[in-house]
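Here the protein sequences line up with chains A and B, keeping their order.
Each residue of the first sequence is one higher than the last, beginning at 1 in the UniProt record's numbering.
Each residue of the second sequence is one higher than the last, beginning at 1 in the UniProt record's numbering.
To start, the structure under review is shown below, and the notes come after it.
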Amino acid sequence: MSALNTDLAQFTVAPVCHDIQINGQTVGLHDSGVLWWPEESTLVVADLHFEKGSSYARRGVMLPPYDTAATLEKLAAVIEAFDPACVIALGDSFHDRDGSDRLPPAYRAFLTTLQINRDWIWVTGNHDPVAPVRLCGESVEEIRIGQLNFRHEPVETYDREKCAGEVCGHLHPAARVRRYGRSIRRACFVTDGNRMVLPAFGALTGGLNVTDRAFRPLFSARKFSAFLLGNDRLYPFTASRLIGD
Amino acid sequence: MDASLLPNRFLNWFAERGWSPRSHQLALLDHLARGRSTLLIAPTGAGKTLAGFLPSLVELDMRSKLPPGSPGKKGLHTLYISPLKALAVDIARNLETPVSQMGLDIRIETRTGDTPSHKRQRQKINPPDMLLTTPEQIALLVSDPAAQELFAGVKTIILDELHALVTSKRGDLLALGLARLRKLAPSLRSIGLSATVAEPDDLRAYLVAQLDPEVRALSDIVEVSGGAAPDIHILDSEERLPWSGHGARYAYPEIYELIKQHRVTLVFVNTRSQAEAVFQDIWRINDETLPIALHHGSLDVAQRRRIEAAMAAGSLRAVVATSSLDMGIDWGDIDLVINIGAPKGASRLAQRIGRANHRMDEPSKAVLVPSNRFEVLECQAALAASKRGDQDTPPLRKGALDVLAQHVMGLACANPLDPLTTFDEIRSCETYRHLDWETFERVLDFVATGGYALKSYDRYAKLKQGKDGLWRIANQKIAQQYRLNVGTIVEAPMLKVRLVRSKADGRRTPVGRGGRMLGEIEEWFVEQLTPGDTFIFGGEILRFESMKEAEVYVSRAKTENPMIPSYQGGKFPLSTYLADSVRHMLATPSSWQFLPDQVRDWLRLQEEKSVLPTRDGLLVETFPRGNKFYMVCYPFEGRLAHQTLGMLLTKRLERAGAKPMGFVANDYALSIWGLMDLTQMCETGRLSMDALFEQDILGDDLDAWLAESHLMKRTFRYCAVIAGLIERRHPGQEKTGRQVTVSSDLIYDVLRAHEPDHILLKATWNDAAEGLLDISRLGELLSRIRGRITHTRLERVSPLAVPVLLEIGREPVYGEAMESILEDAAEDLVQEALA
Numbered sequence: 001m002s003a004l005n006t007d008l009a010q011f012t013v014a015p016v017c018h019d020i021q022i023n024g025q026t027v028g029l030h031d032s033g034v035l036w037w038p039e040e041s042t043l044v045v046a047d048l049h050f051e052k053g054s055s056y057a058r059r060g061v062m063l064p065p066y067d068t069a070a071t072l073e074k075l076a077a078v079i080e081a082f083d084p085a086c087v088i089a090l091g092d093s094f095h096d097r098d099g100s101d102r103l104p105p106a107y108r109a110f111l112t113t114l115q116i117n118r119d120w121i122w123v124t125g126n127h128d129p130v131a132p133v134r135l136c137g138e139s140v141e142e143i144r145i146g147q148l149n150f151r152h153e154p155v156e157t158y159d160r161e162k163c164a165g166e167v168c169g170h171l172h173p174a175a176r177v178r179r180y181g182r183s184i185r186r187a188c189f190v191t192d193g194n195r196m197v198l199p200a201f202g203a204l205t206g207g208l209n210v211t212d213r214a215f216r217p218l219f220s221a222r223k224f225s226a227f228l229l230g231n232d233r234l235y236p237f238t239a240s241r242l243i244g245d
Numbered sequence: 001m002d003a004s005l006l007p008n009r010f011l012n013w014f015a016e017r018g019w020s021p022r023s024h025q026l027a028l029l030d031h032l033a034r035g036r037s038t039l040l041i042a043p044t045g046a047g048k049t050l051a052g053f054l055p056s057l058v059e060l061d062m063r064s065k066l067p068p069g070s071p072g073k074k075g076l077h078t079l080y081i082s083p084l085k086a087l088a089v090d091i092a093r094n095l096e097t098p099v100s101q102m103g104l105d106i107r108i109e110t111r112t113g114d115t116p117s118h119k120r121q122r123q124k125i126n127p128p129d130m131l132l133t134t135p136e137q138i139a140l141l142v143s144d145p146a147a148q149e150l151f152a153g154v155k156t157i158i159l160d161e162l163h164a165l166v167t168s169k170r171g172d173l174l175a176l177g178l179a180r181l182r183k184l185a186p187s188l189r190s191i192g193l194s195a196t197v198a199e200p201d202d203l204r205a206y207l208v209a210q211l212d213p214e215v216r217a218l219s220d221i222v223e224v225s226g227g228a229a230p231d232i233h234i235l236d237s238e239e240r241l242p243w244s245g246h247g248a249r250y251a252y253p254e255i256y257e258l259i260k261q262h263r264v265t266l267v268f269v270n271t272r273s274q275a276e277a278v279f280q281d282i283w284r285i286n287d288e289t290l291p292i293a294l295h296h297g298s299l300d301v302a303q304r305r306r307i308e309a310a311m312a313a314g315s316l317r318a319v320v321a322t323s324s325l326d327m328g329i330d331w332g333d334i335d336l337v338i339n340i341g342a343p344k345g346a347s348r349l350a351q352r353i354g355r356a357n358h359r360m361d362e363p364s365k366a367v368l369v370p371s372n373r374f375e376v377l378e379c380q381a382a383l384a385a386s387k388r389g390d391q392d393t394p395p396l397r398k399g400a401l402d403v404l405a406q407h408v409m410g411l412a413c414a415n416p417l418d419p420l421t422t423f424d425e426i427r428s429c430e431t432y433r434h435l436d437w438e439t440f441e442r443v444l445d446f447v448a449t450g451g452y453a454l455k456s457y458d459r460y461a462k463l464k465q466g467k468d469g470l471w472r473i474a475n476q477k478i479a480q481q482y483r484l485n486v487g488t489i490v491e492a493p494m495l496k497v498r499l500v501r502s503k504a505d506g507r508r509t510p511v512g513r514g515g516r517m518l519g520e521i522e523e524w525f526v527e528q529l530t531p532g533d534t535f536i537f538g539g540e541i542l543r544f545e546s547m548k549e550a551e552v553y554v555s556r557a558k559t560e561n562p563m564i565p566s567y568q569g570g571k572f573p574l575s576t577y578l579a580d581s582v583r584h585m586l587a588t589p590s591s592w593q594f595l596p597d598q599v600r601d602w603l604r605l606q607e608e609k610s611v612l613p614t615r616d617g618l619l620v621e622t623f624p625r626g627n628k629f630y631m632v633c634y635p636f637e638g639r640l641a642h643q644t645l646g647m648l649l650t651k652r653l654e655r656a657g658a659k660p661m662g663f664v665a666n667d668y669a670l671s672i673w674g675l676m677d678l679t680q681m682c683e684t685g686r687l688s689m690d691a692l693f694e695q696d697i698l699g700d701d702l703d704a705w706l707a708e709s710h711l712m713k714r715t716f717r718y719c720a721v722i723a724g725l726i727e728r729r730h731p732g733q734e735k736t737g738r739q740v741t742v743s744s745d746l747i748y749d750v751l752r753a754h755e756p757d758h759i760l761l762k763a764t765w766n767d768a769a770e771g772l773l774d775i776s777r778l779g780e781l782l783s784r785i786r787g788r789i790t791h792t793r794l795e796r797v798s799p800l801a802v803p804v805l806l807e808i809g810r811e812p813v814y815g816e817a818m819e820s821i822l823e824d825a826a827e828d829l830v831q832e833a834l835a
C-alpha cells in the first residue's frame, strides 16, 4: 500500500517525461529539453549559453540583453519541478570564457539560489573551456556516473562500446518534419539507445538540423530517433522521417 | 515657351535632327533657371529623361567656358538617381550620344554596386560632372567623412521613376539622403520624373524641404498631358470563361492568334510561375514556331540580357514577362501589350501599357485577358478607370523607423552627430515630418546600444555622446560594419538551379556536378519540394533531384504534366479603388450591360439563388457541403487582408466551438469550413455574425496570433537587417556546419516576451500593418461593414462562392495547426506500428 502511495505521489508530483533507455539506464526526456535521470536524481541540461547577448554586444551586435534572464527562468522552473539532487550542465554554459565574469550580480545571485542544497557539475565546453568564476559547483571536462558518461562534445565513432552511455550536447540538434505540404522545425533529443545528444537549452541558441553532416560520424547509417520538443509533450520520429532544411 | 533658354549649340543640335525642343523641356529649363525644384509628370515616350538632363547639360556647357581656375568650374554638378543600376548604366550610354554630337566637354560616370572599388575611390577624389547612381550609393556617399567636400557644389539632383521609388523603403532611404544633400549643397534643386499619379502633390512635397509644420511646401510642377489615349479592350472570348484559376488557359489559342497578327507582342503576367506556365503552353500550340521568349527576374542574368538584346534587335515576335521594372530599358518596336490576369490597379495597368510604347503620339494597343469571372469584373473596372484617366497609386508612405536607424548610423559615420539639428533635418523630409522627438531619441538609443530598457550594453555602445553633446562612433570598425549593411532590399534567399542527369534514368551514376546553371529560385519554393517532384522553370519541365550546398540539382523531366507550383498570389493586392469599383458594379445591375453574357448570367443566378453583395456592406453566406459546413464572405479587400481575417476568424470560431478546419482566401472572397453547422449556431444564438466581425478582433486575437505568425517573423527579420541589428548574409559567407548566425526568430521571441514595446517591434508592426498582413486595410473594412452585414443561409453553394471554393486544394490552405501537424505526423508512426 505504501509502495502504491509513493508511486502515486511520484505520478502527481514529478513532471511527465518520455522514458527511454540509454545504455540500459532508464532516463526521462522532458519537453523543456532537459534529461531526467530518476535513479540518481540527476537533471542534465546542455548548452545554456548564458551571456550570449552581451557576448555579441561586445562585437557591436546588440542582441536583446534578456537571454540570460529567459534561460534562468526556464531553468529555475525545471529545477523546481524536478527538485534534483544533482544538476549537470553539459558545457557551453556560458557563451564565451569571460561569460561567467560578466554575469550581472542579480543573475549570479539567482543562479546561486538554484544551486543551494544540491550538487552542481559544470562540464566544460568549447565556448567555456575554463571553470566559471565566483559560482558554486565542480568543474570537470567529463564525468562518468554509473552507466552514463557526460561530456560536451560527442566522440566521433560508430564503435558502440566506445560511446556507450555517452550523454552530450554541443550540436544543438533540431529536426524538420513535413506534413500536409507544410513543414515544422523543432529542437530535439537525438539517440540510438546507446548514446544521446541533448537539445540546446539557452534562449538564443539556434538549432542544427540532424541531417547535417556533423551528425554523420555519430550514428552509423542514420539509425537514430529524434524526439521533437512540443508544447507539452515530445514527438518521436525515426531518422528516415526527417528532412533537411 | 521661349526657346532662348537654349544656347545655339543645343538649338542647332535639335534642328539638325529635325526636332524642336518640346515645351515641357523648355519649361523645366525655365523653372531650374529660377532655382526652383520641379516635378515633371509625363507619359512614356515624351522625352522625359532628356528633359531632366537638359538644364544640367546647358549649365555644364556654360561652366566649361569659364576661365580655368574660376570658382565652381570643377566638381560634381549633377546627381541622377535611378531605381535600377541597369537603368543608370543605360541612361549614361544614351546621354553620351547628344553630348558627343554637340561636342560638349562633360564627364559622365555611373556608380553602382558593380563599380570597381578603385574607380569608386577615384570618383570621391576626382568626381565627374554628372554622377548616375542609386539610392544605396547616395546613402554610402553621405556617410563618408568626405561627403561635405564632394557634394558642396552640387546644383541638381534628378530622381527618375519617382512614382515607383517612393512606394518602398528605398524611397525612405532616398528621402533621408536628399535631406542631407540639401544641407551639404545649399543651392541644390531637385527634379522628379514621374508617371501619372493620383496625388502629384505628394511627390512635389517629397522633392523639397519641409520647414513649416503647418504648411506643406511644394515644388513646381510641369505636366505633360496624356498623349494619345490607349486603345484597350477586354478579350472577347468565344470560349467558356473559367470560374477560377489564374492561368487563362482557355484563351491561349486566341492569344496566339493576336501574336500572329502583330509585329511584336509583350505578354504580361503577374507572377513568375504564371509566366512559366503561359510560356510553356503557348509553345505547345506554336505551330508556326514563331520566336517567342520568356523573361522574368529569376532567370540567369546572361539569359535575360540575350532576350532583351533579341527584343531590341527585332528578332522576337513575343515575350512572356513579369513586369519587373527591369524592363524600363529599350524594348524596341512593340505594337501590342497583352495583360493576362487581373490588373490589380488602374495606375499599374496604365504604367504597364505605357511602358511598352515609346512614341507618345501613337495610341498604345492593349488587350486584357481575365483568367476567371471575378477578373472580368476587375478588368472592366480598370478599363473604365483608364477611360476616365483615374489613378489609384497608393498614398505617400510614412517613413520607416528601421530605415531611419540605418540613416542615423550613416550620419554618425560621416561626422559627429548633433541630435537637435539632425532631428530637424530628418523632419524636413515629407515622409518623416510626423516623427516626434521621443521616437527619434529611441531610434538614436537603438543605434547606440540596441535601445533596450535594460541598460546593460552602455559600455559596448556603438555611438557615444561626448561632453559637447555630439554622438560619435566608438571605432572605425563600426563604420565598416555599416557599409556592409547599407540598403533596404533584403532579398528572399535564392538558390542556384543546376541541370544534372536524372537519378531516375536507371543508370546508377551519381548526380553529376558541373551541369548548366538555369537561374535562381526562391528558397521557400524549394523547401516544399521532395525529390521526384516536377515543376516548370525557365520554360522547361524539371525534376527535383536534390539539394547540395545551396544549389538545387534538377534534371529534365519526361512528364507532360508538371506539378505546377501553387499560384503565389500577386505581390500586389487589389487596389482599394478597383475593389470599390467592383463592389459598385456588382451592386448595380444596370452596369452589367458591358459584361460578357456568361458573367452577366452568373451574376443573375447569384441574385436568384442568394443575394448580391452591396457596395458598403458585407455579404456572408453559410451552407453545408459534403460532410462539412462552409462560410463564405466577400470583402473584396485583397488576398493579404483576407488571409489575416481568415486567421483571426478561425481563432474566434474555434473559441465559439465551431470547429473550423481551414480557410482559403483570394482577392475577392474568403471561405472558412468546419465541422459545426454555422447556420444552426446562428439560429440558436450561439454565434452572431455581427460579433464575429466585431472590430475588437484586431485586439487580443491579433496579438495572440502575431506571436506565432511566421509572416510577422519574416517582417521582423527584414526590419532587423535594415536597422542594423543583425548582419546581412553576404554571398560566399554561407553557414558552415554549425549554426553561426543567431536566428532572428529567436530574437523576436525573446524581445516580444521581455520588451514588447521595443522600437524594432514597433517598426515591424508598422510594416505588417501596411505590408504582408495588410492590417490597416482590414481595419477599414471592419469599420465600413459595421451594422451592414447581410447573412444569408443557403441550402447549397451559391454561384458567387464557386470560384473561391474551387481554389481549395489548389491554393495553400491555412490554419494554425503547427502543433497538430506534429501530432498527426507522430500518429502515423503509431498506425505504422499497429499495422
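We treat Cβ as the ideally placed atom computed from N, Cα and C, and that holds for glycine.
- With a beta-carbon spacing of about 4 Å, B:Met130 and B:Thr78 fall inside the 8 Å limit used to define contacts.
- Positions of the beta strand (DSSP E) runs, each at least 3 residues long and wholly inside the stretch 594-618 of chain B, cannot be given because no such run exists.
- According to DSSP, residue pairing for B:Asp220 in a beta bridge involves B:Thr38.
- Interface flag for B:Ser225 against chain A is unset, since no Cβ pair is found closer than 8 Å.
- Contact check for A:Leu218 and A:Glu153: beta-carbon distance about 10 Å, past the 8 Å limit, so the pair fails to qualify.
- Going by beta carbons, B:Tyr206 and B:Leu28 fall outside the 8 Å limit.
- The three-state reading of DSSP puts B:Asp212 in coil, since its state is none of H, G, I, E or B.
- Within a 10 Å sphere around the beta-carbon of B:Pro200 sit 16 or more other beta-carbons, which makes this residue buried.
- Inter-residue distance for B:Ala51 and B:Val99 is about 14 Å (C-alpha atoms, whole angstroms).
- Put simply, the stretch 411-429 of chain B does not touch the stretch 155-166 of chain B. Fewer than three CB pairs are less than 8 Å apart.
- Per DSSP, reduced to three states, the secondary structure at A:Gly202 is coil, with no helix or strand assignment.
- Contacts with chain A at 8 Å (Cβ-Cβ) include B:Leu725.
- For the pair A:Ser54 and A:Arg151, the Cα-to-Cα distance works out to about 26 Å.
- Around the C-beta of A:Trp37, 16 or more other C-beta atoms lie within 10 Å, and the residue is accordingly described as buried.
- Residue pairing by DSSP puts A:Leu229 in a beta bridge opposite A:Leu234.
- Counting along the chain, the unbroken alpha helix (DSSP H) around B:Val278 starts and ends at 272-284.
- Think of a sphere of 8 Å around the beta carbon of A:Arg58: the chain B residues whose beta carbon falls inside it are Tyr460, in chain order.
- Taken in chain order, the whole beta strand (DSSP E) runs of length 3 or more contained in the stretch 96-138 of chain B are 108-111, 130-133.
- Contact between A:Asn194 and A:Gly244 is absent: CB atoms are separated by about 24 Å, not below the 8 Å threshold.
- A straight line joining the alpha-carbon of B:Gly646 with that of A:Val177 spans about 25 Å.
- With a 10 Å radius around the Cβ and a threshold of 16 neighbouring Cβ atoms, A:Glu138 comes out exposed.
- Assigned with DSSP and collapsed to three states, B:Asn766 falls in helix.
- According to the DSSP assignment, B:Val154 belongs to no beta strand (DSSP E), since it is labelled neither H nor E.
- Between the alpha carbons of B:Glu621 and A:Ser32 lies a distance of about 44 Å.
- Judged by DSSP secondary structure, A:Tyr107 falls within the alpha helix (DSSP H) whose first and last residues are 105-115.
- Rounded to whole angstroms, the gap between the alpha carbons of B:Asp212 and B:Gly771 is 30 Å.
- Within the stretch 417-451 of chain B, Thr449, Gly450 place their CB atoms closer than 7 Å to a CB of chain A, listed in sequence order.
- When only Cα atoms are considered, B:Ser64 and B:Ala195 end up about 33 Å apart.
- DSSP, read as helix, strand or coil, puts A:Ala174 in strand.
- Sequence-distant Cβ neighbours of B:Ala557 in its own chain, meaning closer than 7 Å and more than five residues away, are Thr534, Ile541, Leu542, Arg543.
- In the DSSP assignment, B:Trp437 falls within the alpha helix (DSSP H) that extends over 437-449.
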